[in-house]
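Report on one structure; see the data block that follows.
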Amino acid sequence: MQTAYSPIWPAVLGRFTWHDLPFVRAWENPNASEIIGAGAASLVIIGFVITVALLTRYRRWGTLVEWVTSLDHKKIGIMYVAIALVMLSRAVVEAVLMRMQQAAAIGDPGFLSSDHFSQLFSTHGSIMVFFMAMPFLTGVINYVMPLQIGARDMAFPWANSVALSLTGGGAILMMVSLVVGRFSTGGWSGYPPYTGLAFSPDVGPDYWIWAVTLGSIGSTLGGINIACTIFKLRAPGMTYMRMPMFCWTSLCTSILMIFAMPPLTVATALLALDRYLGFHFFTNDLGGNMMNYANLFWLFGHPEVYILILPAFGIYSEVVSTFSSKELYGYVSLVLATMAIAVLSFTVWVHHFFTMGQSANINTVFGIATMTIGVPTGVKIYDWIWTMFRGEVRFSVPMLYSLAFMVTFVIGGFTGIILAIPPLDYVFHNTLFLVAHFHNMLIPGLLYGLLAGYTYWFPKAFGVRLNERWGRIAFACWVIGFYLAFMPLYVLGASGMARRTSEIFEPDFRPWLYVAGAGALVILCALASLVVQLVVSIRERDANRVFAGDPWDGRSLEWSTSSPPPEYNFAVIPHVDGRDPFYDGKRDNGHYRRHAHYDAISVPRNSVTSLSIGVAGLGAAFGLVWHMWWLAIIAVLGIVAALILRSFVRDTHRTIPAAEVAETEHRWHDALNAATPIGRDVEFTPRNQGLAETAA
Amino acid sequence: MSEPSLQHAGINMGGTENRPDANAESGIFGFWIFLMSDAVIFALLFAIYGTALAATAGGPTPAREFKLDSALAETLLLLTSSLTIGLTVLAMKYDETRRAVLAWMGLTFVLGIAFLALEGHDLATMFADGAYPTRSAFLSAFFALVPLHGIHVLAGCVWMLVMAAQIGAYGFDARVRINVLRLSLFWHFLDVIWIAILSVVYLQAHLP
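Heads up: the sequence lines are chains A and B, in that order.
Per full-length UniProt numbering: the first sequence = residues 1 to 696.
Per full-length UniProt numbering: the second sequence = residues 1 to 208.
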């Protein structure tokens, strides 16, 4: 493809040719597939131009700089979630396109070229895992966990910002791949030798390698930070066994990140050495062995599944307990189950390639280990059910997600047990049955959880409740859409339809593919409802403010601050003497105490160096993809320079004077005094100002 | 925040000086976790090396390429430098004169550079002998593992220059002390990795 076009000014632009622009391709060859590609590229450009225009029009560049250079864990958390929601939108649209293609391509080539279709499933998977799920959960942990353990920030605020900027750089690189060049066609797992130089000499796999590498380095840093924060910065009295369940799952997730992200970094780095310097790790010749890649990738890939799911388990624990007005049932068993899952997650990676040649005995060991994980997970499901038992269950949006999760996740668990049996896996592997299975785990086990967390903590972060009605519509669409879109895939998979197929030759598959296509459209409606919900909630913000801070009669410490919390989180670091410190505290009238005197508080100053590391990381990645060596070298030197410069900075903190703290606290306490405590029956109405009625 | 008994691993700066630093505990602990993560990277490269040992594709073999005499010299240089970085930290804790600290750190730096020079010479000899990474999977694995350790040593040397400049500029303030402690942990870690490289790469190549 590129041989017909010679590179332009190769010393500067590397291997770029005009043909790398989707607009040029669409102009020369105006078929549906190329026009869709050009349309997606223009959406990226238009989105960028509109953002720039709005920022200029409303003079908000200062605000943007204030945010992206901020080291405040709350702002960083919100930015992570913002990245995740933008990337979610793109990846859902890609999923809908794929479903439409399969519904249209029965005995027909359909409207997408097979190459375009392959790019779509590669970007869909890569984005959903690395740039939707990871930033979403990292963002929620970032926002909530320090508040829950009674800390003022993360252990390493600067590294936190570096991790965000690297993740953001990776996400931007994914968007750039729409506009310049093309993406990998090797799937989200990027298996060589197909993604090696011999079979994919184009820029696609390089985009994948460097975007994923930026994301994985960011996640490693994030994991170190989260673990260290939980280990070292808990408030006095917050022993491990008093931590909210979400902190436990965050801890286990962060430990998994620390140990499971390096295998991914090694896998992508070695693949890059193969592609750039002609090494022979995964090539077909001179002793290369692609099985090493499969092992490295899934040594990351399986723990990754639990990195994704555990935070959602934590969110469900918080939500179910809060909206049942009951202490979490079986706290100790939930902690042990979480730990057990974290440890077992490292012992099952071979089940991702049962059919790739190891002996039956090895498959048996990994098959049994895989089924074992069902035990602690089952314990959790029972614990949540028992938490609801005889509680005053309120069917709020987060609670609805939790209930849908429990039912749907169990179904997915059953099909997982089927796939964990190696002889059956020989039948089902590489079919849509597998696709149905992991979507059945990850949509309830990750997306519903994070959407529940988003709805649950949104009033904490912005001081405004999200619109309840649109939340319910979005919920209904997500659940109905999920069942319509994925249950047919089990049938299709069991009938032998291979995954990643762009053209279907079996007319009997037609009705199932139509149902799945309809489901994808319902999911698109779910996404649209979330957007509408956000817009409506912003419009109606004045009616739904919960500045007092406790809209749901919460149990853990994050609810004991104003909404949104002040920059320093806690004017006085709380002392903890139980598992539900805030819930018990407000009933003993121990909380909401106005102090006569407040101390000055030191908070981290904004930093430009952390942002520049992300920008330079993006520059290095882009330079490497396009073989613009000058850019890659300058960018890497820039990263080293930023690291060294930062180590010379001495003025890293600024002090919020005691008077300012006092003023902030008094304003909040005045609002508390003015607010009317409300019962749980009116918590979805504007009467909810964030003060819970605590009289028994 | 935590009891005095709950301090970080390694040499604590508290006790002998009058400037306790609340951030030292989490600062050092976080760096330990980072090192563990880095250790996973090396562990995987060792595993890859193990699987690639026989994959010489008719090219140079371990027994032919690896010379024990220069490996011994490199080991002695690196182990001595671990001693001197330890003495750097002790000097910072008990002596706290810039001269003593800078002298020990300077010696460490020289030993590190000598190690790098020797290793660079070894790698150049291998290249001249036709043992370069694109020749076989075995050599690919070797050139991912051992030079990565070398790059770490180089990073450690650059870090020492930065620390020397900061000691000159700021003396021994809290950030300098934490970073010198981290540097010494990093350096000891590279020693541990080197011992593994010596055993797995160099000694294994000459097993009878």
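Think of the CB as a built atom: it goes at the ideal place given N, C-alpha and C, for glycine as much as any other residue.
Predicted model only: the values in this text are computed from it and were never measured.
Query	Result
Residues sharing a beta bridge with I678/A, DSSP	A692/A
Interface flag, F115/B vs chain A, CB-CB below 7 Å	no
Exposure of H116/A, with buried meaning 16 or more beta-carbon neighbours within 10 Å	buried
Three-state secondary structure assigned by DSSP to R650/A	coil
Closer than 9 Å at the beta carbon, the chain B residues around F156/A	S26, G27 and G30
Members of the region 279 to 290 of chain A near chain B, C-beta cut-off 7 Å	F279, H280, F281, L286, G287, G288 and N289
Residue from R99/A, G619/A, V603/A and G357/A whose Cα sits closest to the Cα of L173/A	G619/A
Chain-ordered chain A contacts of Y170/B [CB-CB under 9 Å]	F648 and R650
C-beta neighbour in chain A for S37/B, strict 7 Å	yes
Unbroken beta strand (DSSP E) run spanning I601/A, endpoints	I601 to P604
Rounded separation between T3/A and L197/A - CA only	Residue placement at T3/A cannot be trusted, given a pLDDT of 47 that sits under 50; what the coordinates show is reported in the next sentence. Between T3/A and L197/A, the C-alpha separation is close to 15 Å.
Contacting positions in the region 151 to 169 of chain B - beta carbon closer than 7 Å to chain A	V162 and Q166
Any C-beta of chain A under 7 Å from that of T134/B	yes
Neighbouring residues, chain A, relative to T56/B (Cβ below 8 Å)	G287
For T75/B and L198/B, the rounded distance between their alpha carbons	8 Å
Cβ pair A131/B, E65/B closer than 7 Å	yes
Buried or exposed by the 16-neighbour rule on C-beta atoms within 10 Å, applied to W9/A	exposed
Test: N29/A CB closer than 7 Å to a CB of chain B	no
Where P4/B falls, given that 16 or more other Cβ within 10 Å makes a residue buried	Per-residue confidence for P4/B stands at a pLDDT of 42, beneath the threshold of 50, marking its modelled position as unreliable; the derived number appears in the next sentence. Under this definition P4/B is an exposed residue.
Neighbour flag for N292/A against chain B, beta carbons, 7 Å	yes
Any chain B beta carbon closer than 7 Å to A272/A	no
Three-way DSSP call (helix, strand, coil) for I362/A in this model	helix
CA nearest to the CA of R587/A, picked from A32/A, S560/A and S647/A	S560/A
Sequence-distant residues of the same chain with beta carbon closer than 8 Å to Y382/A, five excluded per side	G330
Residue span of the alpha helix (DSSP H) that contains K74/A, given as start and end	H73 to A104
Contact set between A227/A and chain B, taken where Cβ atoms lie within less than 7 Å	I33
Minimum Cβ-Cβ distance from V52/A to chain B less than 7 Å	no
For A235/A, three-class secondary structure by DSSP	coil
Nonlocal neighbours in the same chain, by C-beta distance under 8 Å from N23/B, ignoring five residues either side	A174 and I178
One or two residues paired with R15/A in a DSSP bridge	Answer is none; R15/A lacks a bridge partner.
Contact with chain B by T347/A, beta-carbon distance below 7 Å	no
Integer-rounded CB distance, given that F42/B should sit under 8 Å from I193/B	5 Å
A498/A - DSSP class collapsed to helix/strand/coil	strand
Under the three-state DSSP convention, the category R545/A falls into	strand
In DSSP terms, what I504/A is bridged to	I106/A
Validate contact between the region 602 to 617 of chain A and the region 146 to 161 of chain A using beta carbons, cut 8 Å, 3 pairs	yes
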